[in-house]
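Heads up: the structure comes next, in structure tokens.
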Amino acid sequence: MKNLRIGMIGTGYMGKAHAIAYRTASAVFPLSASIECEMIADINLDLAKQKAEEFGFNRYTDSWQRLVSDPNIDIVDICAPNFLHKDIALSAIKNGKHVYSEKPLALNSQDAKIMTLAAEEAGVKTLVGFNYIKNPTVKLAKQIIANGEIGEVVHFRGTFNEDYLADEKTPFSWRLKREFSGTGALGDMGSHIINMAQFLVSPISSLCADMNTVHHTRYEPDNEALKEVENDDQVHMMVRFVNGAIGTIESSRIAWGRKNGLWFEVTGTKGTIIYDQERLSELKLFTVEDRDSRQGFRTILTGPEHPDYKNFCVSAGHGLGYNDMKAVEVRDLIEGIADSSPMLPDFRSAWEVTKIIDAAEVSYKNGTWITVE
């Protein structure tokens with residue numbers, strides 16, 4: 070069995086999620102290659118050492134440049150802040166590494182294009198962390214749509230709302246500065262629901278967006294200095310899809326009470342499906358085939374008959390979690406490299422998402438509909 074060696078950059082929340090997934094995937098799935106957590110990088114060397122021990126990595130460094138050029142690394146895993154994605158990925162590609170990156174892929178679509186073309190020219194495999202589409206329940210929704218069980222899709226309504234910045238007293242962070250984060254709610258969470266819409270329905274062809282910053286200033290951590298918030302707290306848009314469907318997409322980072330408010334409703338000519346990430350192992354389905362006296366949404370509990378679920382559990386209704394979706398994502402990463410199977414969403418798919426993000430900003434600034442290139 071081939072051994073694939075991971076070099077991971079970033080030790081925060083996403084770094085931990087990836088580390089858990091590397092361990093879980095090996096236990097859950099019959100992989101075609103073994104996973105070796107080889108090196109971890111963090112700008113703080115002491116923290117890198119600590120996290121290497123906690124996450125089970127063999128070595129550690131305070132230099133991502135050293136990691137991407139290390140000959141004993143096969144896959145570079147980018148869990149660093151958004152503004153570093155491009156430089157790290159291009160350097161990794163130059164060194165012949167496969168790249169697994171968190172979203173959004175880049176600060177803008179032009180950078181995403183450069184990264185995509187570089188990877189394709191070098192012949193390396195890429196995967197981007199839009200992990201919500203890896204959920205067995207979402208895959209079931211995709212199957213229902215593809216099978217025509219709700220007819221032809223005519224409408225998509227999706228949200229991704231959270232409240233992690235709802236409190237105006239929450240301190241300023243890098244996520245609020247365009248140089249480091251790019252857009253705000255639009256790129257952070259909006260990218261997920263954009264990807265979900267395109268995964269379930271079809272590419273978005275045009276849009277009209279509105280954006281808003283509610284809390285214009287925030288205090289710097291540990292002092293009284295106010296800093297200007299440079300990106301959006303809220304965004305919503307009307308969209309049209311290539312297949313003729315229409316819809317709405319919204320995202321907010323100041324939505325009190327929403328902890329993981331990724332939600333969608335897909336309406337077809339013969340029925341509707343509804344999904345709520347906070348109840349991630351349930352899917353609501355309505356079809357017109359039921360007789361009038363029995364019509365209504367029924368709840369499907371995800372179980373071993375649905376994609377990937379049986380690898381985790383033999384019984385329906387027990388439910389999966391966020392880290393399980395990451396384990397499915399890592400499975401796809403390893404299998405895609407080991408046996409050359411397709412890996413989606415790859416850099417090109419993520420580039421398509423950044424095009425929508427850029428178009429939304431142009432639409433808001435110009436106050437008009439925008440056709441997506």
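Residues in the sequence shown are numbered consecutively from 70, following my numbering. Heads up, the beta-carbon is just placed ideally off N, CA and C, and yes, glycines get one too.
Member of the options whose CA lies at the smallest distance from the CA of residue i
| i | options | result |
| --- | --- | --- |
| residue 133 | 440, 80, 97 and 99 | 80 |
| residue 120 | 154, 151, 83 and 150 | 83 |
| residue 12 | 141, 114 and 142 | Residue 12 lies beyond the residue range present for the chain, which begins at 70 and ends at 442; the question has no answer from this structure. |
| residue 165 | 406, 367 and 435 | 406 |
| residue 213 | 394, 376 and 107 | 376 |
| residue 417 | 221, 179, 292 and 71 | 179 |
| residue 293 | 395, 310, 239 and 339 | 239 |
| residue 316 | 346, 345 and 266 | 266 |
| residue 185 | 211, 206 and 154 | 154 |
| residue 344 | 336, 338, 353 and 337 | 353 |
| residue 207 | 346, 429, 290 and 384 | 346 |
Helix, strand or coil at residue i [DSSP, three-state]
| i | result |
| --- | --- |
| residue 322 | coil |
| residue 343 | strand |
| residue 261 | helix |
| residue 203 | helix |
| residue 331 | strand |
| residue 310 | strand |
| residue 96 | helix |
| residue 269 | helix |
| residue 128 | strand |
| residue 422 | helix |
| residue 431 | helix |
| residue 233 | coil |
| residue 87 | helix |
| residue 122 | helix |
| residue 360 | coil |
| residue 160 | helix |
| residue 219 | coil |
Residues that residue i bridges to, as DSSP identifies them
| i | result |
| --- | --- |
| residue 303 | 281 and 321 |
| residue 353 | 343 and 368 |
| residue 104 | 73 |
| residue 110 | 78 and 130 |
| residue 384 | Residue 384 is not bridged to any residue. |
| residue 225 | 316 and 335 |
| residue 415 | Paired residue(s): none; residue 415 is not in a bridge. |
| residue 167 | 144 |
Check whether residue i and residue j have beta carbons under 8 Å apart
| i | j | result |
| --- | --- | --- |
| residue 64 | residue 230 | A query on residue 64 cannot be resolved here, the shown segment of the chain reaching from 70 to 442 and no further. |
| residue 219 | residue 371 | no |
| residue 94 | residue 399 | yes |
| residue 276 | residue 439 | yes |
| residue 162 | residue 76 | no |
| residue 59 | residue 295 | There is simply no residue 59 to check, as the chain begins at 70 and stops at 442 in what is shown. |
| residue 197 | residue 170 | yes |
| residue 87 | residue 148 | yes |
| residue 91 | residue 78 | no |
| residue 380 | residue 97 | yes |
| residue 174 | residue 428 | no |
Residue i beta carbon near the ligand ZN (any heavy atom closer than 7 Å)
| i | result |
| --- | --- |
| residue 433 | The ligand content of the structure shown is nil, which means the ligand ZN is not present either. |
>> Is it the case that the region 315–331 contacts the region 253–260, given that we only count it when at least three CB pairs across the two stretches are under 8 Å?
In response: yes
> Is the region 180–200 touching the region 298–305, taking contact as three or more C-beta pairs under 8 Å?
Replying inline: no
> Is it a yes or a no for the region 232–251 touching the region 197–210, going by three-plus beta-carbon pairs under 8 Å?
Replying inline: no
> Does the pairing of the region 330–339 with the region 221–237 give three or more beta-carbon distances under 8 Å?
Replying inline: yes
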